[in-house]
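Colleague:
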Amino acid sequence: MQTILTVTQLTEAIKQTLESEFGLIWVTGEISNLRRPASGHIYATLKDEMSQIRVVAFRSSVARMGFDLEEGMQIICRGRVNVYPARGEYQLILDTAEPQGLGALQKAFEQLKARLEHEGLFDLSHKRRIPFLPERIGIVTSPSGAAIRDILHITGRRFPSVDVVIAPAAVQGREAPGEICAAIAALNTAGVDVIIVARGGGSLEDLFCFNDERVARAIWSSRIPVISAVGHEIDFTIADFVADLRAPTPSAAAELVVPDRRDLQERIRRVRSRLILACRVLLRGWTTRVATTAERLRDPRGRIEDLRIGLDDQQARLTAAMRRILAMRRSGLLPARKLLIRFTPAARIDGLRRTAQRVRGELEARVRSRIETARSILMRDIGLLDTLNPLSVLARGFGIIRLPDGTVVRDAGVLAVDDSVHVRVASGRFTARVTTVSREQNNGGKEV
14 MQTILTVTQL
24 TEAIKQTLES
34 EFGLIWVTGE
44 ISNLRRPASG
54 HIYATLKDEM
64 SQIRVVAFRS
74 SVARMGFDLE
84 EGMQIICRGR
94 VNVYPARGEY
104 QLILDTAEPQ
114 GLGALQKAFE
124 QLKARLEHEG
134 LFDLSHKRRI
144 PFLPERIGIV
154 TSPSGAAIRD
164 ILHITGRRFP
174 SVDVVIAPAA
184 VQGREAPGEI
194 CAAIAALNTA
204 GVDVIIVARG
214 GGSLEDLFCF
224 NDERVARAIW
234 SSRIPVISAV
244 GHEIDFTIAD
254 FVADLRAPTP
264 SAAAELVVPD
274 RRDLQERIRR
284 VRSRLILACR
294 VLLRGWTTRV
304 ATTAERLRDP
314 RGRIEDLRIG
324 LDDQQARLTA
334 AMRRILAMRR
344 SGLLPARKLL
354 IRFTPAARID
364 GLRRTAQRVR
374 GELEARVRSR
384 IETARSILMR
394 DIGLLDTLNP
404 LSVLARGFGI
414 IRLPDGTVVR
424 DAGVLAVDDS
434 VHVRVASGRF
444 TARVTTVSRE
454 QNNGGKEV
């Protein structure tokens, strides 16, 4: 009997066959019908001159690509064949992709450079100083390339005692970014003082692994300063912008990171010569001063006698000057003394004394009058205040009634039976509860 399949069964059989047969595959083609929904996934068509296939890149895969897919871009992508049962269509689920062709590579480079620059990975504030004389240098490069030979030759010539730790990594191809990141991470735990990421010259495709976002973030996250020495002087990669220092070539990186021992020795020799000369000049000066001081201290009696004679001379000059000043002051006081005797102030003093006594008597009388007037006014005000004092009213048997919120009760209408009120009297306070309420108005004494 012939087996009859449902559409679902047939679709599921096709799905299992395709997915198990192909697995992960590499496909090249041109992007068209690109859509970017709010989910962050990408839906597009991958086509060539004869055929096309739907492709889907989920958000996690899009983040790993390091560039933005664009309409008409030629790419090489890796993915797995998948069947979408709801529409009975097969499609390619992208795992990763990279641009194909020089124009596409340059486009991807510019996109990633702009995004990382916006995030601050190129900021100068993040770049660290390269140590002047590192003890250990870590190098990330291919162990069989020309770059490592150049670096070892130059470091050995300039400073043979420096240690070099090589972290081998592929510097070209699809596996290179992961190996470079792993090598940088390994050198961060190897006790090196500086890391050189190096590669010789090559085409844009050859150098493109150094434009990978993973490599850029590995350099940025490194705790050890990183020097990028990729390609020739005219070549620029994302690694150059993120690194703490960019060297135009691997050889230049070795010269930048390791000083020439002969130059250092010459600088030390010049500094030593200047220091010796300065010490000799200083020593000669101190020797002269010591000799002069020793000569003076050899027989101090002559110096003491000179000082004693000078002191006597200064004392005599000071005594003579004081006598002249006293004579001038005395001659100036004589005329003033005569005038003072002629115009004695005794009579004027007597007149002023009598005037002062009279004025004093008048002032005392006025003050007493003002005091009496003020006392009368004060006593009047005290009586008035005592009359208006609420405590005086309370002393006559009255009380002040307040609600719990502090409001004074002036009208019985605001009260209700069982309300609690606070009452203040002259000798204290107490709390009362309302049992009855009656309100009176000034209308002839009637209750309302």
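Heads up, our numbering is the position in the sequence shown plus 13, with the first residue counted as 1. We put the CB at the ideal spot given by N, CA and C, even for glycine.
Can you list the alpha helix (DSSP H) stretches of 4 or more residues lying completely in the segment 257-339, in chain order?
Modeller: DSSP runs (the alpha helix (DSSP H)) wholly in the segment 257-339: 263-270, 274-311.
Colleague: Got a sec? Which residues, its chain only, sit under 6 Å from Ala195 by beta carbon, not counting five neighbours each side?
Modeller: Taken in chain order, the list of residues that qualify is empty.
Colleague: Note the first and the last residue of the continuous beta strand (DSSP E) segment covering Cys222.
Modeller: No beta strand (DSSP E) holds Cys222; DSSP gives it neither H nor E.
Colleague: On the CB-based measure, 16 or more other CB atoms within 10 Å of its CB, does Thr213 come out buried or exposed?
Modeller: It is Gly, not Thr, that sits at residue 213 in the sequence shown. So Gly213 counts as buried.
Colleague: Can you grab the Cα-Cα spacing for the pair Leu47 / Ala231, in whole Å?
Modeller: For Leu47 and Ala231, the distance between alpha carbons rounds to 31 Å.
Colleague: How about Ala57 and Val68: are their beta carbons less than 7 Å apart?
Modeller: Yes.
Colleague: Suppose you measure from the CA of Thr449 to the CA of Ala429; what does that come to, to the nearest Å?
Modeller: Computed Cα separation, rounded: 8 Å.
Colleague: Considering only the alpha carbon of each residue, which of Arg366, Gln113, Ile38, Leu125 lies closest to Phe254?
Modeller: The option with the nearest alpha carbon to Phe254 is Leu125.
Colleague: Tell me whether Asp206 sits in a helix, a strand or coil according to DSSP, three-state version.
Modeller: Residue state, collapsed to three classes: coil.
Colleague: Taking Asp81 as the reference, give the member of Asp399, Lys120, Asp363 with the closest Cα.
Modeller: Ranking Asp399, Lys120, Asp363 by Cα distance to Asp81 puts Lys120 first.
Colleague: From Val75 to Arg259, what does the alpha carbon distance come to, in whole angstroms?
Modeller: When rounded, the distance between both Cα atoms is 29 Å.
Colleague: Which residues in the same chain as Arg446 place their Cβ atom closer than 8 Å to its Cβ, once the five residues preceding and following it in sequence are excluded?
Modeller: Here the set comprises Asp431, Asp432, Ser433, Val434.
Colleague: Could you spell out where the alpha helix (DSSP H) holding Lys28 opens and where it closes?
Modeller: Here the alpha helix (DSSP H) through Lys28 covers 20-35.
Colleague: Under the rule that 16 or more other beta-carbon atoms within 10 Å means buried, what is Thr332, buried or exposed?
Modeller: So Thr332 ends up on the exposed side.
Colleague: Pull up the DSSP beta-bridge partners for Ile365, would you.
Modeller: One point to set straight first is that residue 365 is Leu, not Ile, in the sequence displayed. DSSP, once it has assigned bridges, lists no residue as partnering Leu365.
Colleague: At what residue ranges does the segment 364-435 contain a whole run of the beta strand (DSSP E), taking only runs of 3 or more?
Modeller: Listed in chain order, the complete beta strand (DSSP E) runs (minimum 3 residues) inside the segment 364-435 are 413-415.
Colleague: In its own chain, which residues sit with a C-beta less than 8 Å from the C-beta of Glu148, not counting the 5 before and 5 after it?
Modeller: Excluding positions up to five away in sequence, the list reads Val175, Asp176, Asp206.
Colleague: How should Pro403 be labelled, buried or exposed, when 16 other C-beta atoms within 10 angstroms of its C-beta is the threshold for buried?
Modeller: When all chains shown are included, Pro403 counts as exposed.
Colleague: Can you tell me which of Val438, Asp394, Pro417 puts its alpha carbon nearest to the alpha carbon of Ala408?
Modeller: Among Val438, Asp394, Pro417, the Cα nearest to that of Ala408 is on Val438.
Colleague: Buried or exposed, going by whether 16 or more other CB atoms sit within 10 Å of the CB of Cys90?
Modeller: Cys90 comes out buried.
Colleague: By the DSSP assignment, the beta strand (DSSP E) with Asp176 in it spans what residues?
Modeller: 176-181 is the span of the beta strand (DSSP E), which, as asked, contains Asp176.
Colleague: Should Ser235 be labelled buried (16 or more other beta-carbon atoms within 10 Å of its own) or exposed?
Modeller: Flag for Ser235 reads buried.
Colleague: Go ahead and pull the three-state DSSP assignment for Pro190.
Modeller: Residue state, collapsed to three classes: helix.
Colleague: Could you name the residues of the same chain whose beta carbon sits closer than 6 Å to that of Arg227, not counting the 5 residues immediately before and after it, in chain order?
Modeller: Excluding positions up to five away in sequence, the list reads Pro190, Cys194.
Colleague: Would you check if the distance between the CB atom of Val94 and the CB atom of Phe35 is smaller than 7 Å?
Modeller: Going by C-beta atoms, Val94 is nearer than 7 Å to Phe35.
Colleague: Could you name the residues that DSSP lists as bridge partners for Phe443?
Modeller: Answer is Val436.
Colleague: Using a Cβ-Cβ cutoff of less than 6 Å, which residues in the same chain neighbour Asn456 once the five nearest sequence positions on both sides are dropped?
Modeller: The predicted model places Asn456 with a pLDDT of 49, which falls under 50 and marks its position as unreliable, so this point remains unresolved.
Colleague: Nearest by alpha-carbon distance to Asp411: which of Gly441, Ile179, Gln104, Thr300 is it?
Modeller: Residue 411 is actually Phe in this sequence, not Asp. Nearest of Gly441, Ile179, Gln104, Thr300 to Phe411, Cα basis: Gly441.
Colleague: Which value, in whole angstroms, describes the spacing of the CA atoms of Ile38 and Thr109?
Modeller: Their Cα atoms are separated by approximately 11 Å.
Colleague: Tell me which residue opens and which closes the beta strand (DSSP E) that Thr494 is part of.
Modeller: The question about residue 494 has no answer, for the chain in this structure spans 14 to 461.
Colleague: How many Å lie between Arg77 and Ser241 at the Cα?
Modeller: Computed Cα separation, rounded: 23 Å.
Colleague: Rounded C-beta distance between Ile152 and Ile167? I'm assuming under 8 Å.
Modeller: Ile152 to Ile167, Cβ: 12 Å. No contact.
Colleague: State the DSSP-derived secondary structure class of Leu146, mapped to helix, strand or coil.
Modeller: Note: Leu146 maps to coil in three-state DSSP.
Colleague: In three-state terms, what does DSSP make of Asp136?
Modeller: Reduced to three states, the DSSP call for Asp136 is coil.
Colleague: Straight-line CA distance for Ser264 to Val270?
Modeller: Approximately 10 Å between the Cα atoms of the pair.
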